[in-house]
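J.: Protein chains in written order, with my numbering: chain Z, 11 to 796; chain L, 42 to 403.
Where is the CB? At the ideal position from N, CA and C, for every residue including glycine.
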């Protein structure tokens, strides 16, 4: 916040500013106070350092904190008498520790608090020793106040179209536009020596497309050391690691202005010059993170006359790195074309602060300014002289002018926008506005890579004026709402299966090779980058996931499972045959009431659910067919045939499959292709007369071979009755004594009726006679007497 | 006038009646079964009863006495009959009650009902959402889950190398010769398919699965759900988007909800916005659900980018439109108080059965 206030002196509390920026589209995710847990730490002078009587590692330090002396036990011995150090006395709060400090007996000596390392004070990650403060720090001063650490950090989510917000300056511009507090002018002055940079080095850019601008400045005679404490604190709070004064200066300038910068040790560049070129295929480079990278001719590198020394816009290399002995620095401030940086960064899996900024679009006008700021900071923090001028290759592109029609803005926003409003908005943003031919023209600065089309400017108008000022209106919709047939079908399927007593489950769309093998499906569609190597295919069936779900339920002690899923499955097609499938599974005890005998789910529960589904969809023309291969029990399953097409299967799973899924009871499943059912989906219902004349009821039991399918007998019985058969119900299936071995008895309750009169017993008997004769001929069935 | 030569005189008769009345009432009261009642009736009013004797002797009395005794006879008979019938009714009621009592059941035993099914909580929330839009005049459409780069990215103004494209953890298919195939990362490709299929006006909502290459955690799944909305017509404005989202979110989450649009970036809309709704748990005061800010993100939205309209051959000068997309997994979690997103995917019967009573507005 203090940094932001240096650039835009706004007088708002961090939370207020956060809210204001958020509604203007600069999303402040959180306000962080890194030094909230710091209090009572004071600056003290070391008077004496001596050995701890009972420890080889520890030592004792006596310090003067301005209003008295204290003795402390210290773990490292990097400070010497006369040094200034941060002292946390009893009662002081240190960010790294959860509770206030107290007097503590450490190996027989009472320590009156502690001396702090930079990490303990959240200044940097350095925990190698006690922080030794600059000699001009006043003894007794409050550490937090003196170094300005009573500060807050705005954590901002940067949207990919606004790379300009990846800098304090960028955010300050938004603050200025939101609060109308003018920006403070930036000081980009540099004290230069008489020697000119161009006489010291050369820069050759071989690919001006990928690197339209390269600015190099030279700083001679630097002394590498730590950067000022306050700078370290700001870098740490911004999520960067303080390294050394030179490196910190480049990072600090980048964070402030948005220009990524890179310092090279000039002595390590052979040929005193920079060549910007494409890498050779297979060229290798060890980057600063100590990883050897193999490059391709797609990658742009910064090279000297012998070797590549950096991957352009991504990361520098170890061989040309600034090190503690560095004296002369070549400072790179360039503009790299975004796509190239992004491709290289992505291919290498290497994302850096620089590649993020270049990849999303840095400001092509910025390199000279960034170089100036960083040079000044280096000279200020590391000493040395900045050579006059810069080696500057390429140039900034001319600024674009974009026009916006206020009438169009009004039409898109639903909010009246005048010429004056447009002018005001862009002037608030610090952009130049012209009005040559009655239309409003805006000059787009290099940092606003997001402003291109008229509609981008219209968004700026809405954003700066605030979305909250818009009215809430509704479009005049002149159509009734409704559902696409596929969606209506899916809802009907769910409705039918819920009514059939199944609970809806969902499962991921992925499958393993084992799942496909289980279903007897050959090859499925492969995923190039699967979430798990195990499940690298798209599902071809909903059944494996239902079996897995049943296993999970049973393992958790849930005995009765009745589930369904409706979802997409994927088969090979041209290239993909994506279908809607519906599947159900029932296993374990059917949850009847306490009064009913307990029974387990079996084939007929799955078939019943399927019947309910078909009924719900109005599909009448369907039947069961021969058993299918796959996970099914060969003698307790069937194909499902609708209108002559095989559209699914119903049945108990093979006992071996049940065993594989640890399911102790029979498992009944069904799966049908809803997409093909959709073609038969018919809901129109036509009223038929309710019978007004009483029917004659007869119970008929026939004995026939076991193998005769009941469904066929039922069908034939209806036909044989000569139009007099009404409802027929199969009420009994029986085999065993007194029925001969290999035969069975089927009992039918048959209703005989005529639509226009009461049927006589004689007429019913006639129909029964016809049925008996027909069943005898077709199935060798005999009417059971009695 | 001579005294009547009757075996009983009138005083005697009256006395007998009173005695018989008292005796009768006593017998009736003592009757504990219907048979006792029958017996009492015979004993008191039967042909051989003293009462009947008095009745029979009435004719022998003088006229005045006959009237007096006769009246009393009637009174006594009526009283006795009333008592008998009352007792009979009471005993019959008792008998019926004890018969019914033998049929007593334990009414606290669970009822016998058909096995119950239920919709998945995500389906319930999806229905609520699309049903609101259907009432507002939108048509519900669906699209494929396997998409191509054109529909998922290019046509949506997300060219190759665009940061927004590389930021999405896209799951690609491995189909030889078809590197453009992927699992859709959002429901937005249906904007393109819908517009490719016809001319404006377009008012659709698209529910469906979307995919990202993300690890399974308590908050994230590689598969989740969105509803996309698209309105393209003449004269559609950003204010229309605001009003539509406001109407929708209030219908879904309560009429007291406040809505705000925050400028935001999505390549296929411009101006772009993030829609936020005042937290329906704490009503904007700040709570755990809204991470203390009082607002819940409810989706991305904006005016359809002219480049998108151009990609499908619509004239962006003539037509404008808005689009929005919202994930509803988190909404379902907040709505039902589900702490871990993985519960939605475990198919645990004890989880699923909890949503049985959840009303679905149709």
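Where does residue 386 (chain Z) land, buried or exposed, given buried means 16+ other C-beta within 10 angstroms?
T.: Within the first chain, the letter at position 376 stands for residue 386 (chain Z). The residue is buried, with at least 16 neighbouring Cβ atoms inside 10 Å.
J.: Return the first residue and the last residue of the beta strand (DSSP E) that residue 115 (chain Z) is part of.
T.: Within the first chain, the letter at position 105 stands for residue 115 (chain Z). Start and end: 113-116.
J.: Determine the burial state of residue 402 (chain L): buried for a count of at least 16 other Cβ atoms within 10 Å of its Cβ, exposed for fewer.
T.: Within the second chain, numbered from 1, the residue matching residue 402 (chain L) stands at position 361. Below a pLDDT of 50, predicted positions are generally treated as unreliable, and residue 402 (chain L), at 41, falls in that range; no measurement from the model is reported.
J.: At a CB-CB cut-off below 7 Å, which residues of chain L make contact with residue 599 (chain Z)?
T.: Along the first chain, read from residue 1 onward, the residue named residue 599 (chain Z) stands at position 589. Under the 7 Å cutoff, chain L gives no residues; its nearest Cβ is about 11 Å from residue 599 (chain Z).
J.: Check the Cβ of residue 426 (chain Z) against every Cβ in chain L and list those closer than 9 Å, keeping chain order.
T.: One-based indexing of the first chain puts residue 426 (chain Z) at position 416. Within 9 Å Cβ-Cβ: nothing; residue 426 (chain Z) doesn't reach chain L, min ~11 Å.
J.: Once DSSP output is grouped into helix, strand and coil, what is the label at residue 365 (chain L)?
T.: Within the second chain, numbered from 1, the residue matching residue 365 (chain L) stands at position 324. Note: residue 365 (chain L) maps to strand in three-state DSSP.
J.: Assuming residue 774 (chain Z) contacts residue 670 (chain Z) under a Cβ cut-off of 8 Å, what Cβ separation, rounded to an integer in Å, is found between them?
T.: On the first chain, residue 774 (chain Z) is found 764 positions in, with the first residue counted as 1. On the first chain, residue 670 (chain Z) is found 660 positions in, with the first residue counted as 1. The pair is not a contact, with the Cβ atoms about 54 Å apart (cut-off 8 Å).
J.: Could you tell me which uninterrupted beta strand (DSSP E) segments, each at least 3 residues in length, are contained entirely in the stretch 581-656 of chain Z, listed from first to last along the chain?
T.: 586-597, 632-634 and 642-652
J.: Would you mind telling me which residues of chain L sit closer than 8 Å to residue 140 (chain Z), beta carbon to beta carbon, in chain order?
T.: As a first step, residue 140 (chain Z) is located in the first chain; it is residue number 130 there, counting from the start. Per Cβ cutoff of 8 Å: no residues; residue 140 (chain Z) is ~38 Å from chain L at best.
J.: Counting C-beta neighbours from all protein chains within 10 Å, is the total for residue 194 (chain L) 16 or more, i.e. buried, or is it exposed?
T.: Locating residue 194 (chain L) in the second chain gives position 153, where the first residue counts as 1. Counting Cβ neighbours within 10 Å, residue 194 (chain L) comes out buried, since at least 16 surround it.
J.: Counting only beta-carbon atoms, is residue 625 (chain Z) nearer than 8 Å to chain L?
T.: As a working mapping, residue 625 (chain Z) is identified with position 615 in the first chain. No - not a single Cβ of chain L is within 8 Å of the one on residue 625 (chain Z).
J.: Hey, quick one: how far does the alpha helix (DSSP H) through residue 283 (chain L) stretch, first residue to last?
T.: For this step, residue 283 (chain L) is matched to residue 242 along the second chain. Per DSSP, residue 283 (chain L) belongs to the alpha helix (DSSP H) from 279-294.
J.: What residue does the alpha helix (DSSP H) around residue 112 (chain L) start on, and which one ends it?
T.: By 1-based counting over the second chain, the position of residue 112 (chain L) is 71. Residue 112 (chain L) -> alpha helix (DSSP H) spans 104-142.
J.: Pick from L:151, L:179, L:152 and L:77: whose alpha carbon is nearest that of residue 489 (chain Z)?
T.: Here the question's residue 489 (chain Z) lines up with position 479 in the first chain. Comparing alpha carbon positions, the residue from L:151, L:179, L:152 and L:77 closest to residue 489 (chain Z) is L:179.
J.: Going by Cα to Cα distance, which pick from Z:346, Z:359 and Z:654 is closest to residue 369 (chain Z)?
T.: The residue you call residue 369 (chain Z) lines up with position 359 of the first chain. Residue 369 (chain Z) has its Cα closest to that of Z:346, out of Z:346, Z:359 and Z:654.
J.: So if DSSP puts residue 679 (chain Z) in a beta bridge, which residue, or which two residues, is it bridged to?
T.: Position 669 of the first chain, counted from the start, is the residue given in the question as residue 679 (chain Z). Its beta-bridge partners are Z:595 and Z:661.
J.: Which stretch, first to last residue, makes up the alpha helix (DSSP H) that contains residue 786 (chain Z)?
T.: Taking the first residue of the first chain as position 1, residue 786 (chain Z) is located at position 776. Its alpha helix (DSSP H) spans residues 771-789.
J.: Runs of 3 residues minimum, wholly inside the stretch 372-411 of chain Z: which ones carry the beta strand (DSSP E) assignment?
T.: 395-398 and 401-404
J.: List the residues of chain Z that residue 350 (chain L) touches, going by C-beta distances under 7 Å, in chain order.
T.: Within the second chain, numbered from 1, the residue matching residue 350 (chain L) stands at position 309. Those within 7 Å of residue 350 (chain L) in chain Z number zero; the least Cβ separation is about 10 Å.
J.: Between the beta-carbon of residue 86 (chain L) and the beta-carbon of residue 62 (chain L), is there less than 8 Å?
T.: Position 45 of the second chain, counted from the first residue, corresponds to residue 86 (chain L). Position 21 of the second chain, counted from the first residue, corresponds to residue 62 (chain L). Taking 8 Å as the Cβ cut-off, residue 86 (chain L) and residue 62 (chain L) do not qualify as a contacting pair.
J.: Note down the Cα distance separating residue 337 (chain Z) from residue 393 (chain Z), rounded to an integer number of angstroms.
T.: The residue labelled residue 337 (chain Z) in the question sits at position 327 within the first chain. The residue labelled residue 393 (chain Z) in the question sits at position 383 within the first chain. Residue 337 (chain Z) and residue 393 (chain Z) have their C-alpha atoms some 10 Å from each other.
J.: For the candidate residues Z:85, Z:166, Z:93 and Z:329, whose alpha-carbon lies nearest to that of residue 139 (chain Z)?
T.: Position 129 of the first chain, counting from 1, holds the residue named residue 139 (chain Z). Looking at the Cα atoms, Z:85 is the closest of the given residues.
J.: For residue 398 (chain Z), I'd like the list of residues in its chain whose CB is within less than 7 Å of its CB, leaving aside the five on either flank, ordered along the chain.
T.: On the first chain, residue 398 (chain Z) is found 388 positions in, with the first residue counted as 1. Taken in chain order, the residues that qualify are 202, 203, 204, 205, 206 and 207.
J.: Less than 8 Å between the beta carbons of residue 24 (chain Z) and residue 109 (chain Z), yes or no?
T.: Here the question's residue 24 (chain Z) lines up with position 14 in the first chain. Here the question's residue 109 (chain Z) lines up with position 99 in the first chain. Cβ distance not < 8 Å, so residue 24 (chain Z) and residue 109 (chain Z) don't count as in contact.
J.: Report buried or exposed for residue 391 (chain L), applying the criterion of at least 16 other Cβ atoms within 10 angstroms of its Cβ.
T.: In the second chain, counting from the first residue as 1, residue 391 (chain L) sits at position 350. Residue 391 (chain L) comes out exposed.
J.: Taking buried to mean at least 16 other C-beta atoms within 10 Å of its own C-beta, is residue 257 (chain Z) buried or exposed?
T.: Here residue 257 (chain Z) refers to the residue found at position 247 when the first chain is read from its first residue. Buried.
J.: Is it the case that the Cβ atoms of residue 626 (chain Z) and residue 506 (chain Z) are separated by a distance below 8 Å?
T.: Counting from 1 along the first chain, the entry for residue 626 (chain Z) is found at position 616. Counting from 1 along the first chain, the entry for residue 506 (chain Z) is found at position 496. In contact: residue 626 (chain Z) and residue 506 (chain Z) (Cβ atoms closer than 8 Å).
J.: So, is the C-beta of residue 402 (chain L) closer than 8 Å to a C-beta in chain Z?
T.: Here residue 402 (chain L) refers to the residue found at position 361 when the second chain is read from its first residue. At residue 402 (chain L) the pLDDT is 41, less than 50, meaning the model places this residue with poor confidence; the figure from the coordinates comes in the next sentence. The Cβ of residue 402 (chain L) sits no closer than 8 Å to any Cβ of chain Z.
J.: Is any beta-carbon of chain L found at less than 8 Å from that of residue 23 (chain Z)?
T.: Working through the first chain from its first residue, we reach residue 23 (chain Z) at position 13. For residue 23 (chain Z), no CB of chain L lies under 8 Å from its own CB, so it is not counted at the interface with that chain.
J.: Would you list the one or two residues that DSSP bridges to residue 754 (chain Z)?
T.: Walking along the first chain from the start, residue 754 (chain Z) turns up at place 744. Paired residue(s): Z:714.
J.: Tell me residue 386 (chain L)'s beta-bridge partners as DSSP assigns them.
T.: On the second chain, position 345 is the one that residue 386 (chain L) refers to. Bridge partners of residue 386 (chain L) according to DSSP: none are assigned.
J.: Label residue 176 (chain L) either buried or exposed according to how many other C-beta atoms from any shown protein chain fall within 10 Å of its C-beta, with 16 as the threshold for buried.
T.: Taking the second chain and counting its residues from 1, one reaches residue 176 (chain L) at position 135. Answer is exposed; the Cβ neighbour count stays below 16.
J.: Residues in its own chain within less than 7 Å of residue 235 (chain L) by CB, not counting five upstream and five downstream?
T.: As a working mapping, residue 235 (chain L) is identified with position 194 in the second chain. These residues qualify, in order along the chain: 182, 243, 245 and 271.
J.: Please list, in chain order, the chain L residues whose beta carbon lies closer than 8 Å to that of residue 573 (chain Z).
T.: As a first step, residue 573 (chain Z) is located in the first chain; it is residue number 563 there, counting from the start. Those are 388, 390 and 393, listed as they occur along chain L.
J.: What are the complete beta strand (DSSP E) segments, minimum 3 residues, inside the stretch 316-341 of chain Z?
T.: 318-321
J.: May I ask which residues mark the beginning and end of the beta strand (DSSP E) holding residue 273 (chain Z)?
T.: Translated into positions along the first chain, residue 273 (chain Z) becomes position 263. Where residue 273 (chain Z) is concerned, the enclosing beta strand (DSSP E) stretches over 271-275.
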